[in-house]
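**Q** Here it is, the structure, as structure tokens.
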Amino acid sequence: MTSTRSEVPAGALAGRRVVLGVTGGIAAYKAVEVCRRLVDAGALVSPVLTAAATRFVGVTTFSALASEPAATELFGAADPIPHTRLGQRADLVLVAPATARLIGEYAAGIARDLLGATLLATRAPVLICPAMHTEMWEHPAVQENLAVLERRGVAVLAPTSGRLAGGDVGAGRLAEPSDIVAAAAGLLAGRRRGRDLSGRRILVTAGGTREPIDAVRYLANRSSGRQGHAIAAAAAARGASVCLVTTSELAPPGGVEVVRVSSAAELAAAVRAHAPSADVVVMAAAVADFRPVRAIAGKLAKRDGIPELVLEPTEDVLAELGASRRPGQVLVGFAAEVAASTEDLEARALRKLEDKQVDLVVANDVGQPDVGFGYETNAVSIVGAAGVLTRVPLAAKPTIADAILDAVAERLASRADRGDEQ
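Numbering (numbering that gives the first Met the number 0), first residue to last: 0 to 421.
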């Protein structure tokens, strides 16, 4: 039923109090496995089930697996203010699955039941994991409510595509329990790091650029921007002032400055404008290497025959940054490869690091299952001038983001100790 590939950061959940909210959807059965995995990782789990959730899963099951009996009632329990107690002592509130109703009520500030009241009564980080049919997931109201929550700092682990209730197939399937627990651990690991990037200015690029062919067509790649957005969110959570230059249509993380771009030229212009004042530049965007020499003003038509598409190289923004950076600035590049082996991948990353004159290169093999473009997960090797610094096996992208920022924080601290910053 579950994948075991996502890695939980060591100790991130040990001793942490997690309120596990379960709402009324068929995916509620997966919450049982989420509960078990949280407890196995050392978390103290307090399950909170909505009335609708109990139509799919049993209170007794969660009470048996969790650290304390499952709660369902806002009124009538021995504790007169259970939502306040749960919300105040929680280190994390995790809702899996989160239905469209829960998302809408949370966005509107409605406390209809114990779970809704707990969400409003906590200052702990919140992670919601939506699950619903594709039509509901794609409805503008649901997407707008999610955007509202993300602007407020709520973390969202988007659903995957797959088999849904009733035999349908499409987007809306709850993320796997292993990925949910890894995302929860990543949030708490970042929390334990504290605000180690306070006072730092970080520029992050995200998404794949689009190079116009004519008025309706363009050259592009499969980058979703999720990894860059996760890095921006993690950097902001760790106290940095963040500027996110993105081509993605994803809702931006809360608390960051957002610059929307489309083409490589637009991205280059935005980076040139913001990089000089940045302490760190993370070039997570998948920038096109080539673009058409000339974009057709109108639309190419079949009757005109097969067009000859002449390409030219785009700006090498990363190399430009490496050649012109100010002292103390940390530069991070990305290398999306299809490699013969891990050693081949890391050797390519080291060559890129040397060629572009950057401090770190984050390399991933996009030919591997569930890695890189378009996925909620990634697996990377972080390479520095001395070689491989760390390898992060397949994990949720927020977990990858914090691993990258750990390496960045070490570089910043080292340069500050040496007095390299100006």
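Even glycine gets a Cβ: it sits at the ideal position worked out from N, Cα and C.
Exposed or buried, which one is residue 104 when buried takes at least 16 other CB atoms within 10 Å?
**A** buried
**Q** How long is the line joining the alpha carbons of residue 63 and residue 408, rounded to whole angstroms?
**A** 41 Å
**Q** What residue ranges within the region 312-373 form continuous beta strand (DSSP E) runs of no fewer than 3 residues, ordered along the chain?
**A** 329-336, 359-364
**Q** For the region 87-171, list the beta strand (DSSP E) runs that are entirely contained and at least 3 residues long, ordered along the chain.
**A** 91-97, 125-129, 159-162
**Q** Spatial neighbours of residue 27 within its chain, please: CB distance less than 7 Å, with the 5 preceding and 5 following residues excluded, ordered by chain position.
**A** Closer than 7 Å at Cβ, skipping near neighbours: 21, 52, 55, 56, 96.
**Q** Work out the CA separation of residue 349 and residue 386 for me, nearest whole Å.
**A** 7 Å
**Q** Is it the case that the Cβ atoms of residue 91 and residue 40 are separated by a distance below 8 Å?
**A** Going by C-beta atoms, residue 91 is not nearer than 8 Å to residue 40.
**Q** Starting from residue 33 and walking both ways along the alpha helix (DSSP H), at which residues does that stretch end?
**A** 27-39
**Q** Let's see if you can read the secondary structure: which residues bound the alpha helix (DSSP H) around residue 289?
**A** Taken as a continuous stretch (DSSP letters only), residue 289 belongs to no alpha helix (DSSP H), being part of the beta strand (DSSP E) at 289-291.
**Q** Counting C-beta neighbours from all protein chains within 10 Å, is the total for residue 0 16 or more, i.e. buried, or is it exposed?
**A** Unreliable positioning characterises residue 0 in this predicted model, as indicated by a pLDDT of 25, which lies under 50. A coordinate reading is not provided.
**Q** Assuming contact is defined by CB atoms lying nearer than 8 Å, are residue 204 and residue 266 in contact in what I supplied?
**A** yes
**Q** With a 10 Å radius around its C-beta and 16 neighbouring C-beta atoms as the bar for buried, classify residue 115 as buried or exposed.
**A** Looking at its Cβ environment, which holds 16 or more other Cβ atoms inside 10 Å, residue 115 is buried.
**Q** Expressed to the nearest angstrom, what Euclidean distance is found between the alpha-carbon atoms of residue 366 and residue 72?
**A** 48 Å
**Q** Are residue 372 and residue 220 closer than 8 Å when you measure CB to CB?
**A** If you check the CB distance, residue 372 and residue 220 come in under 8 Å.
**Q** Within the continuous beta strand (DSSP E) that includes residue 270, where are the two ends?
**A** Where residue 270 is concerned, there is no enclosing beta strand (DSSP E), although the alpha helix (DSSP H) around it starts and stops at 263-273.
**Q** Would you check if the distance between the CB atom of residue 19 and the CB atom of residue 11 is smaller than 8 Å?
**A** no
**Q** Since residue 113 contacts residue 68 with CB under 8 Å, what's their CB separation in whole angstroms?
**A** Actually they are not in contact, since the Cβ atoms of residue 113 and residue 68 sit about 13 Å apart, beyond 8 Å.
**Q** Exposed or buried, what is residue 301 when buried is set at 16 or more other beta-carbons lying within 10 Å of its beta-carbon?
**A** exposed
**Q** Mind checking residue 43: buried by the 16 CB within 10 Å criterion, or exposed?
**A** buried
**Q** Going by C-alpha distance, which of 276, 93, 227 is nearest residue 206?
**A** Checked all of 276, 93, 227; the closest Cα to residue 206 is 227.
**Q** Using 8 Å as the threshold, is the C-beta distance between residue 330 and residue 380 below it?
**A** no
**Q** Apart from the five residues just before and just after residue 312, which ones in its own chain have a Cβ nearer than 7 Å to its Cβ?
**A** 288, 289
**Q** Taking its Cβ as the centre, do 16 or more other Cβ atoms sit within 10 Å of residue 118, making it buried, or is it exposed?
**A** buried
**Q** For residue 339, count neighbouring C-beta atoms within 10 Å of its own C-beta (all shown protein chains included) and say buried if the count is 16 or more, exposed if not.
**A** exposed
**Q** Whose C-beta lies closer than 6 Å to the C-beta of residue 136 among residues of the same chain, with five residues either side of it excluded?
**A** 170, 171
**Q** Just to confirm, are residue 255 and residue 241 a CB contact at a threshold of 8 Å?
**A** Against a cut-off of 8 Å, the Cβ pair of residue 241 and residue 255 comes out as a contact.
**Q** Tell me the rounded alpha-carbon separation between residue 411 and residue 327.
**A** Looking at the two C-alpha atoms, the distance is approximately 8 Å.
**Q** Is DSSP giving residue 250 helix, strand or coil here?
**A** coil
**Q** Would you call the CB atoms of residue 101 and residue 183 closer than 8 Å?
**A** no
**Q** Whose C-beta lies closer than 7 Å to the C-beta of residue 153 among residues of the same chain, with five residues either side of it excluded?
**A** 125, 127
**Q** The alpha helix (DSSP H) spanning residue 196 covers which residue range?
**A** That residue, residue 196, is in no alpha helix (DSSP H); it is neither H nor E in DSSP.
**Q** Count the other CB atoms within 10 Å of the CB of residue 59; is the residue buried (16 or more) or exposed (fewer)?
**A** When all chains shown are included, residue 59 counts as exposed.
**Q** Check each candidate in 23, 74, 86 and name the one with the smallest Cα separation from residue 45.
**A** If we check each option's Cα against that of residue 45, 86 comes out closest.
**Q** Is DSSP giving residue 221 helix, strand or coil here?
**A** Here residue 221 sits in coil by DSSP.
**Q** By the 10 Å Cβ neighbour count, where 16 or more other Cβ atoms means buried, how is residue 199 classified, buried or exposed?
**A** Buried, because 16 or more other Cβ atoms sit within 10 Å of the Cβ of residue 199.
**Q** Taking the alpha-carbon of residue 262 as reference, which of 196, 402, 297, 244 has the nearest alpha-carbon?
**A** 244
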